[in-house]
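Protein chains in written order, with the working numbering: chain H, 1396 to 1763; chain X, 474 to 715.
Backbone N, C-alpha and C define an ideal beta-carbon position, used for all residues, glycine too.
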Amino acid sequence: MNIFKGFVIKEFIHIFRDYRTMVILFGIPLVQLLLFGFVIKSEIKDADIAIYDQAKDNHSKRITNKLLSSGYFRLDKDLDNYDGIHQAFREGKVKLVIIFEQNFSEKLEKTGNANVQILADASEPNTANLLVSYSNAILSSYIKDLNSTSKMPYNIITEIRMEYNPELKSVYMFVPGIMALLLMLISAMMTSISITKEKEMGTMEVLLASPIKPFVITAGKVVPYIFLSIINVLIILSISYYVFDVPIKGSLFLLVSVCILFILTALSLGILISTVTNSQQVAMMISLVALMLPSILLSGFIFPIENMPIVLQYLCQLMPPRWFIEIIRNIMLKGVSFSFIWKETCVLFIMMIVFNLLSIKKFKIRLE
Amino acid sequence: MKETIITVRNLSKKFGDFIANDDLSFDVYKGEIFGFLGANGAGKTTAMRVLCGLSKPTSGDINIAGFDVYSQTELIKTNIGYMSQKFSLYEDLTIDENISFYGGIYKLSNKEIKEKKELLINKLQLNAVRKKLVRELPLGWRQKLAFSVAIFHEPKIVFLDEPTGGVDPITRRQFWDMIYEESDKGLTVFVTTHYMDEAEYCNRVSIMVDGKIAALDTPVNLMQTYNAKNMDEVFLKIVRFS
């Protein structure tokens, strides 16, 4: 029994002295619980919508007020023609457009029936579904109030259209996400592992003692992964196009170019990881915990960023996949041109530069 | 007059407050086997890394094969070979591939690599296993191969950082036979070790204690000076009195 006691004590000492074990034991559950708790919320507040009110009369104004005072919606744009609708969707902020037909009040009061069109941006199917049911609920509650004070039964006929993904296929949502995830995994994790492997084996020393320049070593390491990742992109795109019928509405050239930019960003991140650690295991841990988890949770891949608490929303802005997924959705599903996504592309580009500068700085310190 | 190939004057290397190398000065002559002895943590590897251009000295004047360590690092690297403490070949490449790769990074032409590779493989009698992965070779063979690869580009100086760690005494002896052979051909060998029997194989040895050179002479002279039977005793006496 004494032997056993001694053994248990030794094990406790191991755990308490190694801060990494402590982090895994207590830090990860804490972070995960908080993240999941805050991230996975099925309610949306203050979603940006646009209203195209062709009637601008009593009822349409009252409904608009009711919608906007519900807390779920915030008016981003007052539209005055049909052309503005897709423009608004493509800019990406507006998630829902509500259209009142001409002479809305008159029709409602005379015939008892009036039409409202609800258009949702279904490139994010979950959000679209929620927003449509919110607005439907608000409309029917308005009608209910109206009917309680009048003899004639009124009815608002809603016509719902799910733009960009009429069948609300979840594969539309998954393809950009999976692409971000896989590219992150292959590019960042594999590069960081392959560089730390050289350090672990001692071959890195030998390379650095040779006339070959560090830049050439790194570039040589990275080129095969760029090549393999591009092949991967093509495989994912073909499967999603031919097997799952996910459309590619925008330019294929633009799509592949953005993918290459993302691959380069992920590779730079991999190089950065390899400069902070010397072991393959740590590199793998960092890649998995620090890259995979945020890629799934904080990228808008599954959970809409708009739902998250403001702190997490800022954190999301630092995740390269968050920008990549948005670009991919826009190109594939909405068919936008470069002028709509240049901001996101710039963000990715700047991230890549920053990762590289940090790596170079880290590397110089190592030489000193 | 012997020709000097490595000149070190007042080399210091600090990591924050820690002084790894404290004011080292010494010369290494062309064609000699120069041993760098010391306990673990005495600063041997740090000094060697500075000489190879892997790390920058805090201060001091250092000249390697006629080139300045601050401004001509690239030229130094072309003229030296380096074998690290850890085993330095790629285990998942074949013998053939390893030799070609290292020849390539030292900018040898394909023709040169091909010719020299044949000579080397014949010399080491590795013809039967040249297409095998390095990981399948016994450790002793790998060590010899690593040394041969480190001098494949015919450097003026080769730096060996504890090259025989974990190798049995017979293989170690064979390894030193290879070093002698190359030294006879004019190669300068700079070797760190903490095996005292290996120290006796060197032409001259410097013994490092706490970042400083405590003694520097031929093994025979050191044994006389310290009135010792072998290098083991020399080392213990020096460490005890400093």
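Member of the options whose CA lies at the smallest distance from the CA of residue i
{"i": "Gly504/X", "options": "Ile479/X, Val707/X and Tyr563/X", "result": "Ile479/X"}
{"i": "Ala1442/H", "options": "Leu1662/H, Phe1610/H, Pro1571/H and Leu1525/H", "result": "Leu1525/H"}
{"i": "Asn1550/H", "options": "Lys1592/H, Val1566/H and Thr1506/H", "result": "Thr1506/H"}
{"i": "Val622/X", "options": "Tyr668/X, Leu562/X and Glu588/X", "result": "Leu562/X"}
{"i": "Val662/X", "options": "Asp641/X, Gln647/X and Ile624/X", "result": "Ile624/X"}
{"i": "Asn1498/H", "options": "Val1492/H, Lys1490/H and Asn1508/H", "result": "Asn1508/H"}
{"i": "Glu588/X", "options": "Asp569/X, Ala601/X and Lys604/X", "result": "Asp569/X"}
{"i": "Lys617/X", "options": "Ile594/X, Leu524/X, Met669/X and Leu695/X", "result": "Ile594/X"}
{"i": "Val1617/H", "options": "Leu1659/H, Leu1602/H and Ile1493/H", "result": "Leu1659/H"}
{"i": "Val1601/H", "options": "Val682/X, Phe620/X and Lys629/X", "result": "Phe620/X"}
{"i": "Phe531/X", "options": "Asp496/X, Lys580/X, Ile652/X and Asn552/X", "result": "The residue you asked about is not Phe; residue 531/X is Thr in the sequence shown. Taking only the C-alpha atoms, the option nearest Thr531/X is Asp496/X."}
{"i": "Gln1449/H", "options": "Ile1423/H, Thr1416/H, Val1511/H and Gly1401/H", "result": "Val1511/H"}
{"i": "Lys1564/H", "options": "Lys1729/H, Ser1663/H and Ala1517/H", "result": "Ala1517/H"}
{"i": "Leu548/X", "options": "Pro1606/H, Val1651/H and Asn1673/H", "result": "Pro1606/H"}
{"i": "Leu1752/H", "options": "Leu1692/H, Glu1721/H and Leu1664/H", "result": "Leu1664/H"}
{"i": "Gly1432/H", "options": "Leu1692/H, Ile1722/H and Ile1723/H", "result": "Leu1692/H"}
{"i": "Ser1589/H", "options": "Phe1407/H, Ala1515/H and Asn1673/H", "result": "Asn1673/H"}
{"i": "Asn1560/H", "options": "Met1396/H, Leu1713/H, Ile1398/H and Ala1515/H", "result": "Ala1515/H"}
Beta-carbon proximity list for residue i, same chain, < 6 Å, skipping 5 on both sides
{"i": "Thr429/X", "result": "Residue 429/X falls outside the range modelled here, since chain X spans only 474 to 715, and no answer is possible."}
{"i": "Val1570/H", "result": "Ser1635 and Val1641"}
{"i": "Arg1717/H", "result": "Ser1694, Gly1695 and Cys1711"}
{"i": "Ile1668/H", "result": "Ser1587, Ala1678 and Ile1681"}
Neighbour-count burial assignment, residue i, 16 or more Cβ in a 10 Å radius
{"i": "Ala1532/H", "result": "exposed"}
{"i": "Ala1604/H", "result": "buried"}
{"i": "Asn571/X", "result": "buried"}
{"i": "Tyr1709/H", "result": "exposed"}
{"i": "His626/X", "result": "buried"}
{"i": "Pro636/X", "result": "buried"}
{"i": "Tyr1637/H", "result": "exposed"}
{"i": "Val694/X", "result": "The residue asked about is misnamed: residue 694/X is Asn in this sequence, not Val. Answer is exposed; the Cβ neighbour count stays below 16."}
{"i": "Val481/X", "result": "buried"}
{"i": "Val1706/H", "result": "exposed"}
{"i": "Trp649/X", "result": "buried"}
{"i": "Lys1738/H", "result": "exposed"}
{"i": "Val1434/H", "result": "buried"}
{"i": "Tyr579/X", "result": "buried"}
{"i": "Phe491/X", "result": "exposed"}
{"i": "Asn1627/H", "result": "buried"}
Alpha carbon of residue i to alpha carbon of residue j, nearest angstrom
{"i": "Phe1719/H", "j": "Ile1681/H", "result": "21 Å"}
{"i": "Leu782/X", "j": "Ile711/X", "result": "Past the edges of chain X, shown from 474 to 715, lies residue 782/X, and the structure says nothing about it."}
{"i": "Met1727/H", "j": "Lys1451/H", "result": "36 Å"}
{"i": "Gly1466/H", "j": "Ser1528/H", "result": "14 Å"}
{"i": "Lys702/X", "j": "Arg645/X", "result": "22 Å"}
{"i": "Arg608/X", "j": "Gly1597/H", "result": "14 Å"}
{"i": "Asn536/X", "j": "Ile586/X", "result": "29 Å"}
{"i": "Lys1440/H", "j": "Val1403/H", "result": "51 Å"}
{"i": "Ser1587/H", "j": "Val1611/H", "result": "16 Å"}
{"i": "Val678/X", "j": "Cys525/X", "result": "19 Å"}
{"i": "Asp541/X", "j": "Leu1632/H", "result": "54 Å"}
{"i": "Arg1556/H", "j": "Asn1521/H", "result": "14 Å"}
{"i": "Val1492/H", "j": "Gln1427/H", "result": "35 Å"}
{"i": "Ser1464/H", "j": "Ile1748/H", "result": "44 Å"}
{"i": "Met1579/H", "j": "Leu1629/H", "result": "15 Å"}
{"i": "Leu1623/H", "j": "Gly1572/H", "result": "19 Å"}
{"i": "Ile1755/H", "j": "Thr691/X", "result": "44 Å"}
{"i": "Asn552/X", "j": "Lys475/X", "result": "20 Å"}
{"i": "Pro1689/H", "j": "Pro611/X", "result": "45 Å"}
{"i": "Asn483/X", "j": "Glu655/X", "result": "30 Å"}
{"i": "Val1418/H", "j": "Phe1639/H", "result": "41 Å"}
{"i": "Lys590/X", "j": "Ser573/X", "result": "8 Å"}
Sequence-distant residues of its chain with Cβ nearer than 7 Å to residue i (five each side left out)
{"i": "Val1731/H", "result": "Arg1485, Gly1645 and Asn1725"}
{"i": "Phe1744/H", "result": "Leu1656"}
{"i": "Glu1519/H", "result": "Met1568 and Pro1699"}
Cβ neighbours of residue i in the same chain (closer than 8 Å, five flanking residues each side left out)
{"i": "Phe1733/H", "result": "Leu1649 and Thr1740"}
{"i": "Lys1592/H", "result": "Gln1675"}
{"i": "Asp1471/H", "result": "Asp1443, Ile1444, Ala1445, Ala1483, Lys1488 and Val1489"}
{"i": "Phe509/X", "result": "Lys517, Ala520, Met521, Phe663, Val664, Thr665, Thr666, Val678, Ser679 and Met681"}
{"i": "Phe1758/H", "result": "Pro1609 and Thr1670"}
{"i": "Asp500/X", "result": "Thr477, Ile479, Thr480 and Val481"}
{"i": "Asp641/X", "result": "Gly613"}
Runs of beta strand (DSSP E) wholly within the region 484–572 of chain X (minimum 3 residues, chain order): You should have 491–502, 506–511, 532–537 and 553–556.
Any beta strand (DSSP E) of 3 or more consecutive residues that is wholly inside the region 668–715 of chain X: 677–682 and 685–690
4-residue-minimum alpha helix (DSSP H) runs that sit fully inside the region 1529–1606 of chain H, ordered along the chain: 1565–1578, 1585–1596 and 1598–1604
Start-end ranges of the alpha helix (DSSP H) lying completely within the region 1625–1673 of chain H, minimum 4 residues: 1647–1671
Segments of 4+ residues assigned as alpha helix (DSSP H) that fall wholly inside the region 610–637 of chain X: Positions of the alpha helix (DSSP H) runs, each at least 4 residues long and wholly inside the region 610–637 of chain X, are given as 612–623 in order along the chain.
Start-end ranges of the alpha helix (DSSP H) lying completely within the region 1438–1523 of chain H, minimum 4 residues: 1453–1464, 1478–1486 and 1499–1506
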